[in-house]
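Letter by letter, the sequence shown follows residues 1 to 258 of full-length UniProt numbering.
Below is one structure; the comments refer to it alone.
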Amino acid sequence: MAQSFSWYHHNHLGPTKTEDQLKAKSVPLCSVNDVQLRFLCPDDLEEVRTLCQDWFPIDYPLSWYEDITSSTRFFALAAVYNLTIIGLIVAEIKPYGKLNKEDRGILSESMGRDADIGYILSLGVHRKYRQNGIGSLLLDSLINHLTTAERHKVKAIFLHVLTTNQTAILFYERRGFVLHSFLPYYYSIRGKCKDGFTYVTYINGGHSPWTLYDHLKYWCSLVVTAGGLCSWISCRVRSAFRWVCYRTISRFTFTQDN
């Protein structure tokens, strides 16, 4: 595949000011093993609603909270510490053919017809407990859930993020997600339009549509594997010759029988 692109070029130049501020304000846990993971239930609705209103600039309707805390359609996992929810991830599996128009270029056409896609709706951690690996723990749980044998049809996981959400973008890039597309005016936040990005990672053998570079790389690898250009051409000529002989003999036999 083509090389991944990092939107923030200072990604590998050390922590940003935002990250330093988060570390200063975070409360270290004794161990990530102190955190319990469980699925959301209807009793969590008000607690989850309060957290999401603090974490995200988008105002979700009450029906959304009712769905993620009760419907088995969603993978809605909470990280709990001292009986309090300190993080959660909400995702769902979608048939590739039912994705919105702006997201349909994620997979190669060869596998997109019958494939499924994992879509992360939300991933957040309480401000007080960030920089403790909670976000990675939740994301790993989702990836493990989607890479089991019974979910082999899920070929990618994607999400949308505000272009201004530098912390989230760096987190996903460090976890192997790559920028797929720019979505102008994708969000409507407090009456104002905001731009977004689509980020994606591939699982279970999935891959993005091939570019010209990918095709050239593939054919060059075939030449090298075949032992060089001459061997590769010789192999193709022999295959073609065998096919012609087979077709000729088949037609001759058919003529004799008639």
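Ideal Cβ placement from N, Cα and C applies to all residues, glycine included.
Might you give, ordered along the chain, the residues of its own chain that have their beta carbon closer than 6 angstroms to the beta carbon of residue i, omitting 5 neighbours on each side?
i	result
Tyr186	Gly196
Arg49	Tyr65
Pro184	Asp195
residue 259	Outside the modelled stretch of the chain, which goes from 1 to 258, sits residue 259, for which no answer is possible.
Tyr202	Ala156
Look at residue i and residue j and say whether their C-beta atoms are less than 8 angstroms apart.
i	j	result
Tyr108	His180	Position check: residue 108 holds Ser in this sequence, whereas Tyr was assumed. Going by C-beta atoms, Ser108 is not nearer than 8 angstroms to His180.
Asp103	Phe182	no
Phe39	Leu77	yes
Gly135	Gly87	yes
Val35	Tyr81	yes
Val178	Val154	no
For residue i, count neighbouring Cβ atoms within 10 angstroms of its own Cβ and tell me buried if that reaches 16, exposed if not.
i	result
Asp116	buried
Cys52	buried
Gly97	exposed
Val161	buried
Phe75	buried
Ser122	buried
Ala240	exposed
Lys101	exposed
Gly112	buried
Gly173	Inspection of the sequence shows that residue 173 is occupied by Glu rather than by Gly. Result: buried.
Val237	exposed
Leu170	buried
Lys192	exposed
Thr198	buried
Between residue i and residue j, which are expected to be in contact by the criterion C-beta below 8 angstroms, what is the C-beta distance as a whole number of angstroms?
i	j	result
Ile58	Ile233	Incorrect: roughly 58 angstroms between the Cβ atoms, too far for contact.
Gly118	Leu146	5 angstroms
Asp44	Ile85	7 angstroms
So, for residue i: in the same chain, excluding its five sequence neighbours on each side, which residues have a beta-carbon less than 7 angstroms away from its beta-carbon?
i	result
Ser70	Pro42
Ala24	The pLDDT assigned to Ala24 is 48, lower than 50, so where the model puts this residue is not dependable, and the model offers no usable value.
Should residue i be flagged as near chain D, meaning a C-beta pair shorter than 8 angstroms?
i	result
Ala78	Looking for chain D here will not work: only one protein chain is present.
For residue i, which residues in the same chain have their Cβ closer than 8 angstroms to its Cβ, ignoring the five residues on either side in sequence?
i	result
Asp67	Arg73, Phe74
Requested in this report: Mind listing, in chain order, the continuous beta strand (DSSP E) runs of no fewer than 3 residues lying wholly within the region 145 to 225?
Outcome: 154 to 162, 178 to 189, 192 to 202
**Report entry** Any beta strand (DSSP E) of 3 or more consecutive residues that is wholly inside the region 40 to 79
**Finding:** none
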